[in-house]
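Protein chains in written order, with our numbering: chain A, 8 to 169; chain B, 2 to 407.
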């Protein structure tokens, strides 16, 4: 696998080449697509490796590529405060088994962002300590950021009188 | 008889006590920001807290996925009512990254100027409103008066006080009007006076200091674990500021300092914010000097994909006319790909992760909201504290509902 001139990707490939499915560094963003089953292992390495030291999970989101298999793509943006560098890690999640391991034990910031992804995309996180909806309410039906969720769909009214 | 239990303890043992659940919010007069707190209390001590957000969720990302790239910009205004321009800048620069566009120098100076004006307004609200919620009306009014002055300047610059919509993909709406530098210098002077008044009333005020010092402490390690950024992280002693660490626009050429705190309590957060306001004023002055000494140049990139051709050319040349027609009816088409771009907003790292499928409609617009990540460790910060300490702690995290809930 190619490192596209990025020392971060090189380091990752040297240690976890088996887990990486694809890489690119377009627009200057070093990116690696990793195997979903080895995500936590790779992330722990990225956090603890003295050369990489990604202490911060800055952002976590999901993209729905409706029509592709696997359908969903988890996107993680890592940042190292000590080294001032960034890396993007991605993992594909299939629609049938819409589940991926949680990163809560690795970074505390994953907690709320994973709840948001569950809320809006319906991807479940195995081992998440508190997987409730974050932005929407419990009675909300469906996951609105999925591409097959129509923007104009009405939701049933909830509350004590309904 | 040291081991013999005291009589009072015996009496207390018979008393029936239990933890109380208190619902606070979502619209509570002592908080700015719409969030619901479900607090487990033992007397007045907070045992645990469940923070529920989402009351201002309005489908920002879903809406962005159904219009053109340009139609997202007004939505970014609404992310943060205090610093709309910073949100505009973040989004537009992320789109420019996908398009590989470099904006003209004058545009960059204007963006920095407008960003710092925004940041100033945001910090004024944070500090002013926090005082109000601690029952101090006067400093709040000083803060709001200064913010009004900021917004007056924004109005001169872009025609709107709050929802500025000033930044464009590949440029800004227009250059600053000729009257701007003089008005700005006058207003900066007035804001400095108000900041001095604010400082005189608040900074050494015994009540204020007692409420803030040692409350809402968060350690450097916890900040990083929770991906807390901005003044909250800096107050814990981490000098992380994307304006310095990943300089964008013309920040590398500017002379300003990044204040940091020591203990990471509310008082440090207050001091960091106050100092950042002075630094923003310094930056604004440098931008003004730069813009005045510069010959007026283009403020928009000369790229037909994103900016309309000049009217004179549109009326006289077929190509340009077609281009304008396409720009108006379809909007810019962004090359397929993904990109993440982050700026230092008033609350911390405001990032946009964009995915384009090559069409004129964004495929994915993710906003990385600093407010959401900054308030997530709130339970950690107030566990074991008094209920009253929750108010200043939440205030100085400065949750902005629009940006947190999107």
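All residues carry an ideal CB built from backbone N, CA and C; glycine is no exception. Quick caveat, the model's predicted, so the values are computed rather than measured.
Residue-chain proximity (residue i, chain A), Cβ-Cβ < 7 Å
i	result
residue 292(B)	no
residue 20(B)	no
residue 281(B)	no
residue 82(B)	no
residue 351(B)	no
residue 3(B)	Summary for residue 3(B): the model assigns pLDDT 48, below 50, so the residue's position carries little reliability; its value from the coordinates is reported in the next sentence. Judged by the 7 Å Cβ criterion, residue 3(B) is not in contact with chain A.
residue 356(B)	yes
residue 390(B)	no
residue 340(B)	yes
residue 67(B)	yes
residue 406(B)	yes
Short Cβ contact (7 Å threshold) for residue i with residue j
i	j	result
residue 104(B)	residue 402(B)	no
residue 255(B)	residue 287(B)	yes
residue 114(B)	residue 148(B)	no
residue 361(B)	residue 180(B)	no
residue 51(A)	residue 26(A)	no
residue 271(B)	residue 36(A)	no
residue 386(B)	residue 170(B)	no
residue 363(B)	residue 65(B)	yes
residue 96(A)	residue 86(A)	no
residue 41(A)	residue 79(A)	no
residue 111(B)	residue 212(B)	no
residue 131(B)	residue 397(B)	yes
residue 71(A)	residue 153(A)	yes
residue 266(B)	residue 215(B)	yes
residue 37(B)	residue 26(B)	yes
residue 353(B)	residue 61(B)	no
residue 391(B)	residue 383(B)	yes
residue 158(B)	residue 177(B)	yes
Residues near residue i in its chain [Cβ-Cβ closer than 6 Å; skip 5 each side]
i	result
residue 88(B)	77, 80, 81
residue 140(A)	126
residue 339(B)	356
residue 13(A)	32, 37
residue 94(A)	15, 37, 85
residue 192(B)	147, 150
Residue-level contact to chain B via CB, residue i, 7 Å cutoff
i	result
residue 158(A)	yes
residue 8(A)	no
residue 70(A)	yes
residue 116(A)	yes
residue 136(A)	no
residue 13(A)	no
residue 150(A)	no
residue 92(A)	no
residue 23(A)	no
residue 142(A)	yes
residue 119(A)	yes
residue 88(A)	yes
Distance cut-off 6 Å: residue i Cβ against heavy atoms of the ligand MG
i	result
residue 143(B)	Within the structure as shown, the ligand MG is missing, as the structure has no ligands at all.
Residues of its chain near residue i, where Cβ-Cβ distance is below 7 Å and the 5 sequence neighbours each way are ignored
i	result
residue 3(B)	Because the pLDDT at residue 3(B) is just 48, under 50, the model does not fix this residue reliably, and the value given afterwards should be weighed accordingly. So the list is empty, once near-sequence residues are dropped.
residue 281(B)	117, 120, 121
residue 133(B)	141
residue 358(B)	337, 364
Per-residue burial, residue i [other beta carbons within 10 Å of its own, 16 or more giving buried]
i	result
residue 107(A)	buried
residue 20(B)	exposed
residue 163(B)	exposed
residue 365(B)	buried
residue 28(B)	exposed
residue 326(B)	exposed
residue 15(B)	exposed
residue 127(B)	buried
residue 43(A)	buried
residue 61(A)	buried
residue 311(B)	exposed
Own chain partners of residue i with C-beta closer than 8 Å, once the 5 adjacent residues on each side are dropped
i	result
residue 145(A)	139
residue 285(B)	114, 117, 118, 121, 185, 189
residue 152(B)	122, 162, 163
Residue-level contact to chain E via CB, residue i, 7 Å cutoff
i	result
residue 304(B)	Looking at the structure shown, chain E is missing, and the protein chains on hand are A and B.
Going along the region 240–258 of chain B in order, which residues come within less than 9 Å of chain A, judged by CB to CB distance?
Result list: 241, 246, 247.
Members of the region 52–68 of chain A near chain B, C-beta cut-off 8 Å
For the region 52–68 of chain A, the set of positions with a beta-carbon nearer than 8 Å to some beta-carbon of chain B reads 62, 63, 64, 65, 66, 68 in chain order.
Please identify, using Cβ separations under 8 Å, the residues of the region 34–61 of chain B that lie next to chain A, in order along the chain.
Residues of the region 34–61 of chain B with a Cβ closer than 8 Å to any Cβ of chain A, in chain order: 54, 55, 58, 60.
Any residues in the region 31–43 of chain A with a beta carbon nearer than 7 Å to a beta carbon of chain B? Which ones, in chain order?
Within the region 31–43 of chain A, the residues whose Cβ lies closer than 7 Å to some Cβ of chain B are 33, 34, 36, listed in chain order.
Please list the residues of the region 70–96 of chain B that have a C-beta atom closer than 8 Å to any C-beta atom in chain A, keeping them in chain order.
Against chain A - using a Cβ distance shorter than 8 Å - the region 70–96 of chain B contributes no residues.
What are the residues in the region 218–231 of chain B lying within 7 Å of chain A by C-beta distance?
Taking 7 Å as the Cβ-Cβ cut-off against chain A, the residues of the region 218–231 of chain B that qualify are 225, 226, 227, 228.
Please list, in chain order, the residues of the region 365–376 of chain B that have any C-beta partner in chain A closer than 7 Å.
Legend: CB atoms of the region 365–376 of chain B lying less than 7 Å from CB atoms of chain A belong to residues 365, 367, 369, 373, 374.
When Cβ atoms are compared, which residues of the region 167–191 of chain B fall closer than 8 Å to chain A?
Of all residues in the region 167–191 of chain B, none places a beta-carbon less than 8 Å from a beta-carbon of chain A.
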